[in-house]
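Protein chains in written order, with the working numbering: chain A, 1 to 220; chain B, 1 to 220. Cβ atoms here follow ideal geometry from the backbone N, Cα and C, with glycine treated the same way. In this text the structure is predicted, and so the values were computed from the model without any measurement. Please read the structure below before turning to the comments.
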DNA sequence: GGGACCAGCATTGCATACAATTCGCCGTCG
DNA sequence: CGACGGCGAATTGTATGCAATGCTGGTCCC
């Protein structure tokens, strides 16, 4: 049982991300402490951290609540993601190495096959490959702060859940974006790579926006 | 004596920003607690917060150290600032209101006069007007997360100290950028506004890069 | 009957005490 | 003489207790 703060952080974070803790729900330090099996001190540190990361909102003397997301927030998040990820893709195109290019190509190909052979909904393997693809681009881009900003946006519950709701057509478009990005990287065309990435993110926003508004509650 | 955490946070933050705490210096919780007059608990919360904001780095079981800045970090910071602030300027151009435009015009004019009549070094009034100008643009842009990201970058010690080292020629160019941005806003030209802002930030980077490398240490 | 105030309680904020970990020092051994 | 290892002080990590703050329910006055 390693670090108490780390355990508390991970448990609460996971709870928020996979919806076990509903938006707006109040988190009492004492309850969490008992549930996780540590004292209130590490709980407090974990909650402060999650607050600064935007996963919950903290009111002095009134405790923490799971963050709630207005439509404007969603728009902001996707808009910034488009800006930052397309920038990262452009940088990556300039600094692409043969090795990284091989790995990206392999990931893109595998995702295409998974989509073609899958049952139409995103599998775990596909989700993981998608995540690897984006992270590798950030790594090649070589800007740690940029990567940190993107990851901070990507972990927002809304973003995480969007990919799981992709329909077959969305998945095919997504896979084709990945293939196209690899082509852009092969040509070291920063403008092309950035443009495809922007399309990729805006398409994700469209998928989110076209959701059944009751889908979230229904899934609980 | 209001909130202990807030006091600790502000005091340590100020200490880092105006160089009283040297980069790389270790911060011991007990020492800070005694100096500020609170217990270690609020100190710890403040340090964790400053860690996440990037002003210091935290190693488990080894305490906190004031962040040190490699050249690559500087490049990253200015590069991201250029990306984010130019984006904000573009958004602001689209959403500009007559009232905000008046205030921006007044700030730009005032800064121009301060530069013309000043002694060649940036006065407090100029620094404040400059800060107001940039914040107002972010407000008009209307994206809270974007504003938060920019402010997070702007408070980096390196950025703060750069403006103070502006030479007369830098100040004149800066003032002229502000005037030009107002013109772009008057024309609701997002592309123009974004472009000027990008120039504005890149010029700041050039000013930093042209510094005397010993200037920081010599000032201590 | 409705609204404002006050008391008691629940919960967070801070301080202190204790446990665990790290790092430096020193002695010993190769 | 240098390297390795263990002991101890210093420092961080965690737990607990107490103080302060905000919320809730009930009562009293209008």
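Is there a Cβ from chain A that is less than 7 Å from the Cβ of residue i?
i, result
"residue 200 of chain B", "no"
"residue 112 of chain B", "no"
"residue 52 of chain B", "yes"
"residue 7 of chain B", "no"
Any C-beta of chain B sitting closer than 7 Å to the C-beta of residue i?
i, result
"residue 87 of chain A", "yes"
"residue 13 of chain A", "no"
"residue 48 of chain A", "yes"
"residue 218 of chain A", "In this prediction, residue 218 of chain A scores a pLDDT of 41, lower than 50, which makes its location untrustworthy; the coordinate-derived value is nonetheless stated afterwards. Not closer than 7 Å to any Cβ of chain B, the Cβ of residue 218 of chain A fails to qualify, so no."
Show which residues of chain A have a CB atom less than 9 Å away from the CB atom of residue i.
i, result
"residue 95 of chain B", "Within 9 Å Cβ-Cβ: nothing; residue 95 of chain B doesn't reach chain A, min ~13 Å."
"residue 45 of chain B", "44, 45 and 48"
Just to make sure I have the definition right: I need the residues of chain A whose C-beta is within less than 8 Å of the C-beta of residue i. Which are they?
i, result
"residue 40 of chain B", "Result: empty, since nearest Cβ-Cβ is about 11 Å, beyond 8 Å."
"residue 143 of chain B", "76, 79 and 80"
Which residues of chain B have a Cβ atom closer than 9 Å to the Cβ of residue i, listed in chain order?
i, result
"residue 146 of chain A", "76, 79, 80 and 83"
Can you tell me whether residue i is helix, strand or coil according to DSSP?
i, result
"residue 103 of chain B", "helix"
"residue 202 of chain B", "helix"
"residue 167 of chain A", "coil"
"residue 21 of chain B", "coil"
"residue 215 of chain A", "Here the model assigns residue 215 of chain A a pLDDT of 47, short of 50, so the residue's position is not dependable, and the following value carries that caveat. Helix at residue 215 of chain A."
"residue 44 of chain B", "helix"
"residue 188 of chain A", "coil"
"residue 220 of chain B", "For residue 220 of chain B, the predicted structure reports a pLDDT of 38, less than 50, and the residue's modelled location is therefore unreliable. The matter cannot be settled from this model."
(request) Below 7 Å between beta carbons is the criterion; list the residues of the stretch 180-206 of chain B that meet it against any residue of chain A, in chain order. (result) Residues: none.
(message) Quick check on the DSSP output: what are the complete beta strand (DSSP E) runs of length 3 or more inside the stretch 46-71 of chain B, in order along the chain?
(response) Runs found: 56-59 and 63-66.
(message) Under 9 Å, CB to CB, which of the residues in the stretch 54-85 of chain B have a partner in chain A?
(response) Taking 9 Å as the cut-off between beta carbons, the residues of the stretch 54-85 of chain B near chain A are 54, 60, 72, 73, 75, 76, 77, 79, 80, 83 and 84, in sequence order.
(request) Ignoring anything shorter than 4 residues or poking outside the stretch 116-154 of chain B, list the alpha helix (DSSP H) runs there in chain order. (result) Restricted to the stretch 116-154 of chain B, the alpha helix (DSSP H) segments that are unbroken, complete and at least 4 residues in length are 124-141 and 144-154, listed in chain order.
(message) Short of 7 Å Cβ to Cβ, which residues in the stretch 149-164 of chain B face chain A?
(response) Residues of the stretch 149-164 of chain B with a C-beta atom less than 7 Å from some C-beta of chain A are 149, listed in chain order.
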